[in-house]
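Everything below concerns the one structure shown next.
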Ligand SMILES: CC(=O)N[C@H]1[C@@H](OP(=O)(O)OP(=O)(O)OC[C@H]2O[C@@H](n3ccc(=O)[nH]c3=O)[C@H](O)[C@@H]2O)O[C@H](CO)[C@@H](O)[C@@H]1O
Ligand SMILES: C=C(OP(=O)(O)O)C(=O)O
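Residue numbers (the UniProt record's numbering): 1 to 430.
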């Protein structure tokens with residue numbers, strides 16, 4: 001199993017090109033199931049999760065092509081890919097494929113809308129919490145679907161003639177359930193209103209893609225989405241938005257090590273809450289035409305309290321990285337994780353660097369220390385893993401991060417991007 005070796009202490013200086021967002025690319029790929037015409041996606045990141053979803057899409061009969069770089073296009077830009085679901089050959093998404101990645105469950109929406117039936121394995125349990133699918137089933141039933149759970153599969157059938165528009169009020173905000181019901185509703189008969197919808201920029205990226213494919217959606221970017229069902233969707237070309245979690249991660253890395261980083265292509269408006277928190281720590285943030293500049297020169301890190309919450313508030317996907325930063329702050333920081341009940345797996349690993357963190361239910365209290373010391377640590381999930389890399393970049397001496405396959409799910413060329421900016425970091429194979 002590959003590991004990462006780091007020697008901490010170097011400031012980060014230079015430029016990092018932000019990749020396309022994993023959490024937008026995945027549902028955009030799934031949206032291609034809604035039409036028999038090709039959907040072209042630009043700026044798709046090269047990630048293990050994208051590869052895994054490709055396998056799932058191919059199993060449904062989707063033809064996938066990866067195109068070369070355009071003339072004059074910089075090296076390192078995301079892939080341009082075509083997804084062509086001319087015929088859906090199989091409406092089953094099997095356990096072997098779905099259990100590896102939660103987002104693959106979302107195929108249930110388009111399959112049900114277009115083919116009127118779907119058999120999708122329940123997604124696997126994940127290290128960050130139980131992650132039920134009740135909100136998906138609630139929404140799909142409201143659209144008229146009949147749902148059974150059979151041998152670990154959700155078996156869904158649309159009524160004769162297809163799904164029927166409905167007024168759905170989600171009792172809780174869910175990104176995945178919003179993506180799924182939004183996609184399903186585009187081909188339903190009549191109007192669907194989704195209240196308490198997720199407002200994450202990735203949902204907006206998908207909604208705009210659906211509009212480009214001929215869907216009728218209003219309220220994009222708000223808590224209430226209204227969808228007028230149409231008979232058919234068509235092909236389109238859509239760009240994946242830059243990854244706000246990758247942006248926030250590198251911003252926190254620079255805040256922790258000190259230095260001066262330009263995050264090229266970053267969209268600060270997608271992470272205002274996190275940048276506000278970061279500014280509170282004493283990190284200098286400037287929006288520039290090319291992206292976001294992050295600087296911390298010599299001054300200490302101030303402690304700040306944070307609660308995670310759905311967009312536009314502080315994202316749970318940056319909680320672990322921010323906690324790493326707070327381990328070296330002046331003073332005490334309180335972090336409350338309100339989205340996932342078990343997203344503190346990095347706490348025990350950060351303690352190996354000498355961090356002082358106490359957890360009581362949702363609340364983590366971090367007492368900052370002037371220095372951390374490198375250690376052998378184990379990655380437990382995607383964002384937890386990168387929090388260990390951030391800690392290692394600032395710690396004295398050598399750090400080895402084990403089980404880094406989690407990192408490859410969501411961070412494109414992480415070692416290369418960091419080492420180009422002065423970090424001493426390498427991948428150890430085997
Ligand atoms: C691929 C992707 O985009 N993943 C993101 C997505 O995950 P995902 O879409 O799985 O997260 P949700 O927004 O659905 O989860 C939010 C909360 O709702 C709960 N819930 C969800 C569905 C359901 O049917 N019942 C239920 O109770 C979850 O357990 C969790 O407590 O949003 C999360 C919250 O921003 C991010 O951390 C993930 O990175
Ligand atoms: C939790 C995440 O992903 P997933 O929902 O695919 O597990 C994440 O991207 O941090």
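Here a beta-carbon is modelled for each residue, glycine too, at the ideal position from N, C-alpha and C.
Contact check, residue i vs residue j under 8 angstroms by CB: the rounded distance?
i           : j           : result
residue 355 : residue 327 : 4 angstroms
residue 156 : residue 145 : 5 angstroms
residue 445 : residue 192 : A query on residue 445 cannot be resolved here, the shown segment of the chain reaching from 1 to 430 and no further.
residue 485 : residue 30  : Coverage of the chain is limited to positions 1 through 430, which leaves residue 485 absent and any answer about it impossible.
residue 20  : residue 40  : Actually they do not touch by this definition, with Cβ atoms about 13 angstroms apart.
residue 368 : residue 12  : The pair is not a contact, with the Cβ atoms about 20 angstroms apart (cut-off 8 angstroms).
residue 322 : residue 213 : Not quite, the Cβ-Cβ distance comes to about 36 angstroms (not below 8 angstroms), so this is no contact.
residue 350 : residue 324 : 6 angstroms
residue 24  : residue 208 : Going by Cβ atoms, the distance from residue 24 to residue 208 rounds to 10 angstroms, so no, they are not a contact pair.
residue 230 : residue 198 : Wrong, their Cβ atoms sit about 22 angstroms apart, outside the cutoff.
Per DSSP, residue i forms a beta bridge with which residues?
i           : result
residue 283 : In DSSP, residue 283 forms no bridge with anything.
residue 431 : The structure shown does not extend to residue 431, since the chain spans only 1 to 430, so no value can be given for it.
residue 263 : 16, 292
residue 82  : 40, 65
residue 5   : 400, 426
residue 239 : 42
residue 121 : 153
residue 55  : Partner(s): none; residue 55 has no beta bridge.
residue 302 : 330
residue 93  : 120
residue 307 : 336
Less than 8 angstroms between C-beta atoms, sequence neighbours within five positions excluded: which residues of the same chain meet that for residue i?
i           : result
residue 372 : 8, 327, 328, 353, 354, 355, 391, 394, 395, 396
residue 376 : 352, 399, 400, 402
residue 113 : 34, 158, 162, 163, 183, 184, 185, 186, 187, 188
residue 291 : 18, 262, 263, 264, 265, 266
residue 139 : 168, 170, 177, 180, 181, 184, 194
residue 319 : 306, 308, 335, 337, 343, 383
Closer than 7 angstroms by C-beta to residue i: which residues in its own chain qualify, once you throw out the five before and the five after it? Chain order, please.
i           : result
residue 403 : 1, 378, 379
residue 307 : 314, 336, 338
residue 411 : 246, 386
residue 228 : 191, 216
residue 268 : 275, 287, 292
residue 273 : 312, 313, 314
residue 347 : 357, 359, 364
residue 294 : 251, 254, 255, 261, 263, 283, 285
Considering only C-alpha positions, which residue in the set the options is nearest to residue i?
i           : options            : result
residue 255 : 66, 166, 239, 281  : 281
residue 196 : 24, 32, 310, 358   : 310
residue 170 : 187, 136, 160      : 136
residue 48  : 218, 184, 56       : 56
residue 303 : 283, 161, 318, 312 : 283
residue 305 : 298, 180, 277, 246 : 277
residue 83  : 15, 51, 105        : 51
residue 131 : 139, 103, 115, 116 : 103
residue 91  : 109, 60, 121       : 60
residue 3   : 15, 408, 147, 270  : 408
residue 123 : 152, 410, 148, 115 : 152
residue 68  : 79, 32, 253        : 79
residue 298 : 370, 248, 237, 235 : 370
residue 150 : 166, 420, 120      : 120
residue 244 : 383, 426, 89       : 383
residue 66  : 87, 85, 42, 89     : 42
residue 97  : 86, 58, 225        : 58
residue 222 : 205, 231, 296, 230 : 205
residue 32  : 360, 64, 165       : 64
residue 332 : 347, 425, 301, 88  : 301
residue 118 : 154, 428, 406      : 154
residue 405 : 424, 429, 271, 374 : 429
residue 238 : 147, 6, 116, 81    : 81
residue 89  : 115, 148, 211      : 115
Can you list, in chain order, the residues of its chain whose CB lies under 6 angstroms from that of residue i, leaving out five sequence neighbours each side?
i           : result
residue 341 : 129
residue 26  : 53, 103
residue 200 : 175, 311
residue 259 : 11, 12, 13
residue 37  : 234, 235
residue 365 : 334, 358
residue 85  : 32, 33, 62
residue 419 : 425
residue 249 : 321, 386
Any beta carbon of chain B sitting closer than 9 angstroms to that of residue i?
i           : result
residue 196 : The structure shown contains no chain B; it holds only a single protein chain.
Continuous alpha helix (DSSP H) assignments of at least 4 residues falling wholly in the stretch 123-169: 134-142
Every unbroken beta strand (DSSP E) inside the stretch 181-237 [3 residues or more]: 191-195, 216-218, 225-228
Pick out the complete beta strand (DSSP E) segments inside the stretch 310-397, 3 residues or longer, and give them in chain order. 332-336, 356-360, 363-367, 376-378
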